[in-house]
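**Student:** Dropping a structure here in C-alpha cells format, bear with me for questions.
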Amino acid sequence: MLGLAALGAQAADKPSVQVIESWFIHAESIGDVVAKDKGFFGDLDVRVVPGGPGLSPIQRVMAASRDGVVALGVDLPYNVIRARLSQGLPLVILSADFQHSAMRILSWKPIKSKDDIHGAFATWIGYDTPIKAVFGKDWAQHIEVVNQTGDPATLGAWLNHRYEFASGMAYNEVMVAAEHAKQPYHVVSYSDLGVDWPENVVFTTEKTLREHPEIIRQVLNARYRGYRYAFQHPEEAGKMLAKASPSLNIPFELKGLAKIYEIMRPLIGYDLGRIDGTVLTRMARQLANAGILPQNPDLHGAYHYVPSGVGWPPGAAVAGD
C-alpha cells in the first residue's frame with residue numbers, strides 16, 4: 001500500500017506539459033493530435049496549444065516555462081536560433097519534424113536561378129528569411145518583400161497577377177494553386193536555389209531540458225508515434241483531426257499529409273525528428289551572410305538532439321493518396 005501511495009504521489013507531482021504549436025491545428029500538427037487521442041503521452045498531462053497569427057511560440061514557451069510548465073514549442077529553426085543568438089533567450093532545439101523545407105516559390109515565369117527573381121516577392125510575415133538568404137545581404141536590391149494576401153489561402157492577389165512571385169507550403173498553398181490557377185505557372189523548391197533547411201523544429205528552454213529530460217523524451221516519442229500512426233492510418237487520423245479542429249476540410253488535409261510524409265523522411269537508419277548539426281550550422285552561416293545573424297554564429301548549446309525512437313514507416317497508407 002505504501003508503494004502504491006508513493007507512486008500515486010509521484011504521478012501527482014508530475015508537472016503539466018504544453019506543446020505549443022506554430023499555427024492552428026491542422027495536418028502539420030497531426031502528430032500531437034493523434035498522440036493525445038491514442039493515449040501515447042501515457043501518464044503525462046499534456047495540453048496541445050494551437051497557434052495563430054501574432055502568437056509567437058517562442059514567447060509563449062518562455063512565459064509558460066517561467067510558470068513552471070514543461071513547455072515545448074514548434075517554430076522555424078531560424079526563428080529559434082535568432083532568438084537565442086540575437087536576444088539571448090536560453091532556447092534549445094530538440095528535434096525537427098520536416099527534414100527538408102516545405103516552402104515553395106510560386107511563379108508565373110520560369111526560374112532557373114535567383115537572377116530570374118526580382119521585384120515584388122510575396123510571402124507571409126516572418127517567412128521572408130529563406131528568400132533573403134538566397135540573395136544574401138543585398139537582397140533588397142533584387143526583391144521587395146510584400147505581405148501575401150487574398151483568398152483562397154492567401155493566394156488571391158497572386159492568382160490575380162498582382163505580383164509575379166508568391167510563397168506556398170507543399171501541403172497547403174501549392175495544392176490550392178493547382179486547383180485555382182487558370183494559367184500555367186511554376187513551382188520552385190528553395191533547395192534548387194541553395195537553401196535547404198529543416199522546418200518545424202521542436203524546442204524548449206535550457207532549464208526545462210536540464211530538469212525534465214525524461215519527460216521531454218516521453219513527449220517526443222509520443223509526438224512522432226502520432227505522426228507514424230497518422231501515416232499508417234490516415235482515415236482514422238483524419239477523424240481525430242476533425243474532432244480537434246471541426247472546421248477543417250479533412251480530405252484536403254489528408255492530401256497534404258501525403259506531402260508531409262515525404263518531407264519528414266529521415267536518412268536511412270535515423271528516427272523521425274532527426275536533427276543534423278551540420279545542416280543547422282550551414283543555415284546559420286547563410287543567415288549571417290544575409291545579415292540576419294551576427295558573423296561567425298556560435299551554435300554551441302543551440303541544439304540537443306533527442307532521438308524519438310520512432311522510425312519512418314516506408315510504404316505507409318498515406319503515401320498512396
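Be aware that the sequence shown starts at 1, since it is given in full-length UniProt numbering, and climbs by one per residue.
The beta carbon of each residue, even a glycine, is placed where N, CA and C say it ideally should be.
Quantities reported herein were computed from a predicted structural model and do not represent experimental measurements.
Assess, as a yes-or-no matter, whether the segment 157 to 167 is touched by the segment 42 to 60 under the definition of 3 or more beta carbon pairs within less than 8 Å.
**Tutor:** Short answer: they don't touch.
**Student:** Which one or two residues does DSSP pair with glutamine 18 in a beta bridge?
**Tutor:** DSSP, once it has assigned bridges, lists Arg47, Ala71 as partnering glutamine 18.
**Student:** Helix, strand or coil for glutamate 144, going by three-state DSSP, please let me know.
**Tutor:** Note: glutamate 144 maps to strand in three-state DSSP.
**Student:** From aspartate 115 to serine 247, what distance separates their C-alpha atoms?
**Tutor:** Going by the C-alpha atoms only, they are around 41 Å apart.
**Student:** Are three or more beta carbon pairs between the segment 237 to 252 and the segment 19 to 29 nearer than 8 Å?
**Tutor:** Result yes; three or more Cβ-Cβ pairs closer than 8 Å.
**Student:** Does the segment 207 to 214 touch the segment 247 to 260, meaning 3 or more C-beta pairs lie closer than 8 Å?
**Tutor:** No, the segment 247 to 260 is not in contact with the segment 207 to 214.
**Student:** Leaving out five residues before and five after tyrosine 303 in sequence, what residues of the same chain have Cβ atoms less than 7 Å from its Cβ?
**Tutor:** Same-chain partners within the cutoff: Val92, Ile93, Ile275, Gly277, Leu280.
**Student:** If you draw a straight line from the alpha carbon of leucine 155 to that of valine 176, how long is it in whole angstroms?
**Tutor:** Cα-Cα distance, rounded: 8 Å.
**Student:** Classify leucine 272: buried if its beta carbon has 16 or more other beta carbons within 10 angstroms, exposed otherwise.
**Tutor:** With 16 or more Cβ atoms within 10 Å of its Cβ, leucine 272 is classed as buried.
**Student:** Would leucine 2 be called buried (16 or more neighbouring beta carbons within 10 Å of its own) or exposed?
**Tutor:** Below a pLDDT of 50, predicted positions are generally treated as unreliable, and leucine 2, at 40, falls in that range; no measurement from the model is reported.
**Student:** Taking the straight line between their C-alpha atoms, what separation do you get for serine 308 and tyrosine 224?
**Tutor:** Each residue's Cα considered, the two are about 7 Å apart.
**Student:** Just curious, the alpha helix (DSSP H) that glycine 277 is in, first and last residue?
**Tutor:** Where glycine 277 is concerned, the enclosing alpha helix (DSSP H) stretches over 277 to 289.
**Student:** Three-state secondary structure (DSSP) at leucine 106?
**Tutor:** Strand, per DSSP.
**Student:** Under 8 Å between the Cβ atoms of proline 15 and valine 74?
**Tutor:** Their beta carbons are not under 8 Å apart, which means proline 15 does not touch valine 74 by this criterion.
**Student:** Counting pairs of beta carbons, one from the segment 181 to 198 and one from the segment 93 to 112, are three or more of them closer than 8 Å?
**Tutor:** Contact between the segment 181 to 198 and the segment 93 to 112 is present, because at least three Cβ pairs lie under 8 Å.
**Student:** Which same chain residues, not among the five before or five after leucine 85, have their C-beta less than 7 Å away from its C-beta?
**Tutor:** Result list for leucine 85: Leu293, Pro294, Pro297, in chain order.
**Student:** Between which two residues does the beta strand (DSSP E) containing alanine 96 stretch?
**Tutor:** Unbroken beta strand (DSSP E) run through alanine 96: 91 to 98.
**Student:** Compare the beta carbon distance of glycine 194 and valine 33 with 8 Å and say whether it is the shorter of the two.
**Tutor:** No, these two residues do not count as a Cβ contact at 8 Å.
**Student:** Quick one, are the C-beta atoms of valine 318 and alanine 258 less than 8 Å apart?
**Tutor:** Yes, the pair counts as a contact, with Cβ atoms nearer than the cut-off.
**Student:** I'd like to know whether the C-beta atoms of methionine 240 and tryptophan 312 end up nearer to each other than 8 Å.
**Tutor:** Not in contact: methionine 240 and tryptophan 312 (Cβ atoms no closer than 8 Å).
**Student:** My guess is that alanine 157 and alanine 122 are in contact by the Cβ rule of under 8 Å, so how many angstroms apart are they, rounded?
**Tutor:** Right, the Cβ-Cβ distance comes to about 7 Å (below 8 Å), so this counts as a contact.
**Student:** Find out if the Cβ-Cβ distance for the pair glycine 256, tyrosine 171 is shorter than 8 Å.
**Tutor:** For glycine 256 and tyrosine 171, yes; Cβs fall inside 8 Å.
**Student:** Assign proline 234 to one of two classes, buried (16 or more other C-beta atoms within 10 Å of its C-beta) or exposed (fewer than that).
**Tutor:** With 16 or more Cβ atoms within 10 Å of its Cβ, proline 234 is classed as buried.
**Student:** Using the Cβ count rule (16 or more neighbours within 10 Å means buried), how would you classify glycine 52?
**Tutor:** It is exposed - the Cβ of glycine 52 has fewer than 16 other Cβ atoms within 10 Å.
**Student:** Would you say alanine 71 reaches chain B, if we count a Cβ-Cβ gap shorter than 8 Å as a contact?
**Tutor:** As a matter of chain content, chain B is missing from the structure shown, which is built from one protein chain.
**Student:** Assuming tyrosine 185 and proline 130 form a contact by the criterion Cβ under 8 Å, report the distance between their Cβ atoms to the nearest whole angstrom.
**Tutor:** The Cβ separation is near 19 Å, so there is no contact.
**Student:** For the candidate residues Leu106, Tyr78, Lys207, whose alpha-carbon lies nearest to that of glutamine 183?
**Tutor:** The shortest Cα separation from glutamine 183 among Leu106, Tyr78, Lys207 belongs to Leu106.
**Student:** Nearest to alanine 316 by CA position, among Glu236, Tyr229, Lys137, Ala35, is which residue?
**Tutor:** Comparing Cα-Cα distances from alanine 316 to each of Glu236, Tyr229, Lys137, Ala35, the minimum goes to Tyr229.
**Student:** Who are tyrosine 303's beta bridge partners in DSSP?
**Tutor:** According to DSSP, which records beta bridges pairwise, tyrosine 303 is partnered with Ile93.
**Student:** Helix, strand or coil for aspartate 298? Go by DSSP, reduced to three states.
**Tutor:** Coil.
**Student:** Going by beta-carbon coordinates alone, are histidine 180 and leucine 209 separated by less than 8 Å?
**Tutor:** No; because the gap between Cβ atoms is not below 8 Å, this pair is not in contact.
**Student:** Does the Cβ of glycine 301 have 16 or more other Cβ atoms within 10 Å, making it buried, or fewer, making it exposed?
**Tutor:** Classification for glycine 301: exposed.
**Student:** Select from Gly136, Phe231, Gln148 the residue whose C-alpha is nearest the C-alpha of alanine 35.
**Tutor:** It is Phe231 whose Cα lies nearest to the Cα of alanine 35.
**Student:** Can you check the segment 232 to 259 for any alpha helix (DSSP H) of at least 4 residues that lies completely inside it and give the ranges in chain order?
**Tutor:** Qualifying alpha helix (DSSP H) stretches, in chain order: 234 to 244.
**Student:** Quick one: using the 10 Å Cβ neighbour count with 16 as the cut-off for buried, is leucine 7 buried or exposed?
**Tutor:** Bear in mind that a pLDDT of 40 at leucine 7, under 50, signals an unreliable position, so the number given afterwards is only what the model happens to contain. The residue in question, leucine 7, is exposed, as its Cβ has fewer than 16 Cβ neighbours within 10 Å.
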